[in-house]
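In the numbering used here, the protein residues as written are 60 to 874. All residues carry an ideal CB built from backbone N, CA and C; glycine is no exception. Being a predicted model, the structure only gives us computed values, none of them experimental. This report refers to the structure that appears directly beneath it.
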């Protein structure tokens, strides 16, 4: 019998406990010290479902991803030749004494699925490939092979060299060739065309030397000035508005042309084609914020009139099966497409139809049936991206693989979590080891084995708190064990709205002319199953309907930043700190930036030296000159309140909050007393970071080391400084431990009580129960959703229990 989420012990009871298993039955970790791990030892049973719990920052990801999965991938990479390894990412050995019993690790995380505008839900799975074959076989009229239905393959012809074998010798001949692709020639398979607002690209009254080009990065003081000035195509001191027609063409549209400047061969290209290649070939979400702002300001996109946004040429759209073209099929909701494919009866392609049907059914089973194959992959949320990746593995014949999941329930309504749990159990029952980092109690409860880390986060975490079955976790008195049965109560009284934002006729995506009033001055929670239309309604229409009120939307898009970016730089905290150091010591603020004049000259402020060993794996070692402190030794002589800049950046948020409040008696890493320093501008930012539960992260910690939940809360803390009257939060409980949700609710209350209107898109029942007003969308997802099925207080929602959300909330508050 396959165990169900309500009976997680069925399989576990039939197998030996971890203590009874031999060394071939466990993944043994000893002395793990990656990041904040404090030399922990664990034994993880193979072919079981193990859930890793603990507060955000307690070390879960360091153990699962940074140690176990990282070492598995490193060892696999070492099996390739040194030549092949030269094209692979460099992986250093994790800081662990013993790591035994590893199997091949497949990571299914929440990372967005690339920034390529040509990538869709259909292309990142095998669905589009199967459809192309299907239409090449059964489509009428017959137009060619599967490539004829690909929007990424152009139709071209010409002559090229081919190598032939004649009389045992290789002979090269030039032959004519032709490739029939499905790409729309008008939009080159993008499905959209762009129009430029030239007033945002150049200032007609200025010359190029005076900064006439207003495209980000196009300064005439550097390389562009040398290239443009040496091209000879225009007068660099002439106002752009007075250019001749030919000069305009050369500046804006000239195709790549080889030129020689100061004896150096260079390639000149007009501004428009260069923008198209460097900015428009990427998804908007992947661009840096200032470039994204320029694109929004200067460029408008419309559906390609030639292909009507389908990306395909006329020939590809002309071939049909049962009256449906491949463009029609890709535009269908996947659940509907599955039914259409099921209705095709053709013995010659029966195996293909079976495989395609199973793949599409997997989308439905995993709760993504509301998507369409034409949906851009970069537009998927973190949870949708992770589930799309999971589909690749559901039908895999591989067994004895270690699957590693990062909060697979992110973005899932309580109604969908049980389906996700069943899929995790299916992977386990095929003979795989399933490792899951998770906070949701519904998924923790189905585990065969639990590893709980803590007790807190950062330097206060990294210790093993509990290891064993779920029943033992409940009785363990750890932070997770104590909060595992938490239930939020409905509020005795709710706030009264001060007004409302009227949204009328909302019809984007699956919304069906929705009319709804979003109350102001209260905490409003927007609920509904994934794909019901929540984000389309709020992100798509609220800002426009709000009029003059400023809407600050904190969504799930990734934070942009390199390994040099950290919480101090991202939040603007470093600026007042640098100025305070400069003023106290009578020097320039630039000295206190590791990216500027104060940087260690040896490592250029990186703190590490990277050695490229060509075909061999590169090595990153701590800089011997600055000992990883990133600054010149002379800079570290300057202090503020008894600390130098490196020591300040090494503080946790909580320590820095106390320090910059002027608190005396704080100690540095050597246990020496320091004075503290009163710096209100810095203290204000640190209070916000502490309020969102990030008191344990260090100011100089690279953004690349933060978890998804930590990055989300960092954005929230940063945006709390804005002057907006309306805050929109998209699943702020992402990555939060059960014990931290209460702190988040207090923060939301604080925002509302300060006069803000807070609108939260959320699945967590504790947030629903705490709301003043609930707007529930549904009843289902995709074409089955897009309607408001409830508006009112949480108490009214529970009393009616007519919607899926109401039923699950009623069950939650009743315990």
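Chain-order list of residues whose beta-carbon lies under 6 angstroms from that of residue i (same chain, five-residue window excluded)
i	result
residue 433	179, 389, 390
residue 871	824
residue 486	462, 493
residue 154	92, 93
residue 535	525
residue 107	507, 508
residue 297	266
residue 567	595, 599
Assigned secondary structure, residue i (DSSP; H/G/I helix, E/B strand, else coil)
i	result
residue 760	coil
residue 483	helix
residue 319	strand
residue 228	strand
residue 158	strand
residue 644	helix
residue 508	strand
residue 672	Interpretation of residue 672 is limited by its pLDDT of 47, a score under 50 that renders its predicted location unreliable; the figure taken from the coordinates is listed afterwards. Coil.
residue 802	helix
residue 593	helix
residue 462	strand
residue 522	strand
residue 92	coil
residue 864	helix
residue 17	Residue 17 falls outside the range modelled here, since the chain spans only 60 to 874, and no answer is possible.
residue 379	strand
residue 737	strand
residue 585	strand
residue 301	helix
residue 491	coil
residue 102	strand
residue 182	helix
Nearest neighbour of residue i, chosen from the options [CA to CA]
i	options	result
residue 429	198, 838, 207	838
residue 809	543, 704, 776	776
residue 289	300, 272, 313, 323	323
residue 593	298, 844, 466	844
residue 158	143, 779, 132	132
residue 831	716, 807, 554, 792	554
residue 703	643, 661, 664, 739	643
residue 701	560, 749, 661, 640	640
residue 373	380, 589, 210	210
residue 804	583, 403, 139	583
residue 230	134, 112, 237, 220	220
residue 236	292, 858, 216	216
residue 252	814, 135, 365	365
residue 101	255, 488, 123	123
residue 652	565, 623, 680	623
For residue j and residue i, believed in contact at Cβ under 8 angstroms, the rounded distance
i	j	result
residue 512	residue 520	6 angstroms
residue 248	residue 370	5 angstroms
residue 442	residue 400	Residue 442 to residue 400, Cβ: 26 angstroms. No contact.
residue 863	residue 613	So it is not a contact: roughly 26 angstroms between Cβ atoms.
Test item: CB-CB of residue i and residue j under 8 angstroms
i	j	result
residue 708	residue 758	yes
residue 543	residue 505	no
residue 218	residue 196	no
residue 635	residue 740	yes
residue 695	residue 688	yes
residue 690	residue 711	no
residue 649	residue 656	yes
residue 585	residue 818	yes
residue 186	residue 419	yes
residue 538	residue 798	yes
residue 271	residue 262	yes
residue 769	residue 97	no
residue 796	residue 113	yes
residue 482	residue 495	no
residue 238	residue 273	no
residue 480	residue 459	no
residue 377	residue 200	yes
Beta-carbon contacts of residue i that lie in its chain and below 7 angstroms, excluding the five residues immediately before and after
i	result
residue 760	625, 626
residue 448	167
residue 579	556, 557, 558, 559, 560, 816
Proximal residues to residue i (C-beta, below 8 angstroms), its chain only, five neighbours per side dropped
i	result
residue 783	608, 609, 610, 611, 815
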